[in-house]
Amino acid sequence: MELKQAMGNRRSIRYFQPDKPVEKEKIQVMLEAANRASRSGNIDYWRALVVYRDELSPDTLDALRVPTTTADLDMAPVQIYWFADMSYADPDNFRRNLKELVKVGALNPSHGWSDAYVDENVVGQIITPMLSDPQVVGWMGTIETGLAICQAMLAAVDEGLGVCLHAINLGTAKQVFKFPDHWVPCWTLLVGYPAEDPLTGGQRPRRSISSMAYVNNLDTPWEEIPAVTERLKAEGLIQNPVDVDKRAAEVRKLAQRFGLPE
Amino acid sequence: MTPEEVAAAPSVGRWFDSARLHSDSEEEKQLRYRLLGDFCEHIGQSPDELVAGLIRTTKAGETAISGKRRAAMDASIDEFVEKSGFTGRDAIVNGNIIRSFLVHNGIFIQGRAWRG
Numbered sequence: 088m089e090l091k092q093a094m095g096n097r098r099s100i101r102y103f104q105p106d107k108p109v110e111k112e113k114i115q116v117m118l119e120a121a122n123r124a125s126r127s128g129n130i131d132y133w134r135a136l137v138v139y140r141d142e143l144s145p146d147t148l149d150a151l152r153v154p155t156t157t158a159d160l161d162m163a164p165v166q167i168y169w170f171a172d173m174s175y176a177d178p179d180n181f182r183r184n185l186k187e188l189v190k191v192g193a194l195n196p197s198h199g200w201s202d203a204y205v206d207e208n209v210v211g212q213i214i215t216p217m218l219s220d221p222q223v224v225g226w227m228g229t230i231e232t233g234l235a236i237c238q239a240m241l242a243a244v245d246e247g248l249g250v251c252l253h254a255i256n257l258g259t260a261k262q263v264f265k266f267p268d269h270w271v272p273c274w275t276l277l278v279g280y281p282a283e284d285p286l287t288g289g290q291r292p293r294r295s296i297s298s299m300a301y302v303n304n305l306d307t308p309w310e311e312i313p314a315v316t317e318r319l320k321a322e323g324l325i326q327n328p329v330d331v332d333k334r335a336a337e338v339r340k341l342a343q344r345f346g347l348p349e
Numbered sequence: 290m291t292p293e294e295v296a297a298a299p300s301v302g303r304w305f306d307s308a309r310l311h312s313d314s315e316e317e318k319q320l321r322y323r324l325l326g327d328f329c330e331h332i333g334q335s336p337d338e339l340v341a342g343l344i345r346t347t348k349a350g351e352t353a354i355s356g357k358r359r360a361a362m363d364a365s366i367d368e369f370v371e372k373s374g375f376t377g378r379d380a381i382v383n384g385n386i387i388r389s390f391l392v393h394n395g396i397f398i399q400g401r402a403w404r405g
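Written out as structure tokens, the structure is:
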């Protein structure tokens with residue numbers, strides 16, 4: 088699948104085929120996609136815990152429910168818990184990884200980088216003060232983890248899977264999975280084969296980019312180029328909106344299939 | 290409560306309007322009325338009281354769903370389903386019919402899915 092088609096096809100899937108297992112190979116594809124995500128300082132911020140629903144006891148599965156994620160846990164065969172590992176906030180990690188980037192030609196003298204700069208200046212002058220601010224540490228770790236999650240989700244779509252991000256039942260997850268305190272829980276990603284139309288009857292409503300993007304100053308909204316919009320429609324990034332009546336009929340059928348509230 | 294009394298409750302009308310249940314067969318409608326009526330008797334409240342009891346007023350004067358009372362209601366639904374002798378798919382479906390009534394009256398509540 089082309090990248091734009093995968094981005095255009097991604098939906099938050101809320102009805103999964105409960106008994107169609109997800110191949111471990113496909114989960115590995117997702118994890119490798121996450122591992123290719125952009126990351127400042129080439130630091131490994133993200134951590135993921137892959138949990139197979141059927142490996143959990145019924146009591147544990149029950150305890151992992153939250154008010155917004157109940158039926159979904161029954162249906163999705165795989166849960167991936169994503170964390171930002173705050174232990175990254177160590178100047179020595181940055182020193183080691185930045186020097187690695189200098190060595191492989193990612194950070195170059197053309198842009199002011201050298202081993203000497205890393206050793207003698209950047210860590211003491213920039214990294215250490217930055218890492219002393221808990222707000223910055225939290226922001227950086229979680230945003231970089233979010234980038235990794237995004238790539239994993241697109242890879243899942245490319246593999247024919249459905250995905251949806253959900254809140255984590257923190258108390259239970261901590262008790263059951265015993266993740267360390269310096270792992271900040273971000274999201275649970277439910278994974279499975281969609282039981283619903285993978286395109287959910289059309290794309291979800293999005294406001295125009297001109298209401299969110301500006302050029303040069305905040306008084307000048309981005310002006311869309313109609314030809315580009317048309318090209319993106321042809322390439323699958325921009326798709327038709329939901330046919331509401333058709334979708335309502337599908338949702339009702341799904342509710343009946345799974346015994347859910349109609 | 291009789292099915293007629295249940296059907297006359299404003300909250301039940303709201304449920305049927307919102308979920309577009311009016312076009313269902315009479316048998317299906319009666320099943321819903323009976324089930325909700327039985328649950329109301331189990332709890333000792335009318336349909337309107339069920340909904341109102343899950344709403345609290347915040348210090349700012351706004352309405353909000355009480356998480357504690359919702360959890361208690363969820364447990365009561367499960368208890369009612371068990372006491373009524375429903376098992377398997379029927380247990381899931383009938384519990385979720387009651388949750389559907391709450392959902393369409395603005396109470397965010399989810400039930401389990403039948404995987405069988």
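Keeping their order, the protein sequence lines are chains Y and V. Quick note, the first sequence lines up with residues 88 to 349 if you use my numbering. Quick note, the second sequence lines up with residues 290 to 405 if you use my numbering. Note that CB positions come from ideal geometry on N, CA and C, so glycine has one too.
First through last residue of the beta strand (DSSP E) which encompasses residue i
i: Y:Asp172; result: Val165 to Asp172
i: Y:Asp306; result: Asn304 to Pro308
i: Y:Thr275; result: Trp270 to Gly279
i: Y:Leu257; result: Here Y:Leu257 belongs to no beta strand (DSSP E); instead the alpha helix (DSSP H) covers Leu257 to Phe264.
i: Y:Thr226; result: Residue 226 of chain Y is actually Trp in this sequence, not Thr. Not the beta strand (DSSP E): Y:Trp226 falls in the alpha helix (DSSP H), residues Pro221 to Asp245.
i: V:Thr352; result: Thr352 to Ile354
i: V:Gly395; result: Neither: V:Gly395 is in no beta strand (DSSP E) and is coded neither H nor E.
i: V:Ile344; result: Ile344 to Thr346
i: Y:Arg134; result: Trp133 to Tyr139
i: Y:His253; result: Gly249 to His253
Residue i at chain V interface by Cβ criterion, 8 Å
i: Y:Ala158; result: yes
i: Y:Glu349; result: yes
i: Y:Gly346; result: yes
i: Y:Thr154; result: According to the sequence as given, residue 154 of chain Y is Pro; it is not Thr. So yes, Y:Pro154 belongs to the interface.
i: Y:Asp179; result: no
i: Y:Asp284; result: no
i: Y:Pro196; result: no
i: Y:Asp106; result: yes
i: Y:Asp146; result: no
i: Y:Met162; result: yes
Candidates the options, of which the one nearest residue i by Cα
i: Y:Pro348; options: V:Thr291, V:Glu371, V:Pro292 and V:Arg309; result: V:Arg309
i: V:Glu294; options: V:Lys318, V:Glu316, V:His311 and V:Tyr322; result: V:Tyr322
i: Y:Gln104; options: Y:Val165, Y:Lys113, Y:Ala150 and Y:Pro154; result: Y:Val165
i: Y:Arg152; options: V:Glu338, V:Ala402, V:Ser307 and V:Phe328; result: V:Ala402
i: Y:Gln262; options: Y:Thr157, Y:Asp146 and Y:Ala282; result: Y:Asp146
i: Y:Pro292; options: Y:Ala124, Y:Val331 and Y:Ala243; result: Y:Val331
i: Y:Glu142; options: Y:Glu231, Y:Leu160, Y:Lys186 and Y:Ser201; result: Y:Leu160
i: V:Leu325; options: V:Gly400, V:Gly405 and V:Asn383; result: V:Asn383
i: Y:Gln92; options: Y:Leu188, Y:Asn256, Y:Ala243 and Y:Ile296; result: Y:Ala243
i: V:Glu316; options: V:Pro292, V:Pro299 and V:Asp379; result: V:Pro292
i: V:Arg388; options: V:Met362, V:Ser312 and V:Ala353; result: V:Met362
i: Y:Ile100; options: Y:Leu148, Y:Ala124 and Y:Asp284; result: Y:Asp284
i: Y:Thr316; options: Y:Met88, Y:Gly95 and Y:Met227; result: Y:Gly95
i: Y:Leu90; options: Y:Phe345, Y:Leu241, Y:Asn184 and Y:Asn256; result: Y:Leu241
i: Y:Asn256; options: Y:Ser127, Y:Tyr102, Y:Met88 and Y:Thr155; result: Y:Thr155
i: Y:Gln290; options: Y:Pro313, Y:Arg334, Y:Asp306 and Y:Trp270; result: Y:Arg334
i: Y:Val338; options: Y:Ser298, Y:Thr287, Y:Asp306 and Y:Ile296; result: Y:Thr287
i: Y:Arg126; options: Y:Glu231, Y:Leu277, Y:Phe170 and Y:Met162; result: Y:Glu231
i: Y:Thr229; options: Y:Met162, Y:Asp149, Y:Ala336 and Y:Cys273; result: Y:Cys273
i: V:Glu369; options: V:Arg303, V:Gly302 and V:Glu330; result: This sequence places Phe at residue 369 of chain V; Glu is not what is there. Checked all of V:Arg303, V:Gly302 and V:Glu330; the closest Cα to V:Phe369 is V:Glu330.
i: V:Gly417; options: V:Leu339, V:Gly405, V:Lys348 and V:His311; result: For chain V, the structure presents residues 290 to 405; residue 417 of chain V sits outside this window and is missing.
i: Y:Glu311; options: Y:Glu322, Y:Arg294, Y:Leu341 and Y:Met227; result: Y:Arg294
i: Y:Val210; options: Y:Val137, Y:Arg182, Y:Pro281 and Y:Lys320; result: Y:Arg182
i: V:Ser335; options: V:Ser307, V:Ala296 and V:Glu371; result: V:Ala296
Closer than 8 Å to chain Y by CB, residue i
i: V:Ile332; result: no
i: V:Trp304; result: no
i: V:Ala402; result: yes
i: V:Phe397; result: yes
i: V:Arg409; result: Absent from the structure is residue 409 of chain V, since the part of chain V shown begins at 290 and ends at 405.
i: V:Ala308; result: yes
Whole-angstrom C-beta distance between residue j and residue i, which should lie under 8 Å
i: Y:Gln238; j: Y:Ala121; result: 5 Å
i: Y:Gly50; j: Y:Lys107; result: Residue 50 of chain Y is absent from the model: chain Y starts at 88 and stops at 349.
i: Y:Lys190; j: Y:Val205; result: With a Cβ gap of about 10 Å, Y:Lys190 and Y:Val205 do not count as contacting.
i: Y:Tyr175; j: Y:Ile130; result: 5 Å
i: V:Asp327; j: V:Pro299; result: The Cβ separation is near 20 Å, so there is no contact.
i: V:Leu343; j: V:Ile381; result: Going by Cβ atoms, the distance from V:Leu343 to V:Ile381 rounds to 21 Å, so no, they are not a contact pair.
i: Y:Ala203; j: Y:Val271; result: Between Y:Val271 and Y:Ala203 the Cβ distance is about 34 Å, and since that is not below 8 Å, they are no contact.
Endpoints, alpha helix (DSSP H) assigned at residue i
i: V:Val301; result: Pro299 to Ser307
i: V:Leu310; result: Element bounds for V:Leu310: n/a, residue is neither H nor E.
i: Y:Ile114; result: Lys111 to Asn122
i: Y:Ala314; result: Pro313 to Ala321
i: Y:Leu90; result: Leu90 to Asn96
i: Y:Leu324; result: It is not in any alpha helix (DSSP H) - Y:Leu324 carries neither H nor E in the DSSP assignment.
i: Y:Ala158; result: Ala158 to Met162
i: Y:Asp332; result: Val331 to Phe345
*Contacting positions in the region 381-395 of chain V - beta carbon closer than 9 Å to chain Y*: Taking 9 Å as the Cβ-Cβ cut-off against chain Y, the residues of the region 381-395 of chain V that qualify are Ile381, Val382, Asn383, Gly384, Asn385, Ile386, Ile387, Arg388, Ser389, Phe390, Leu391, Val392 and His393.
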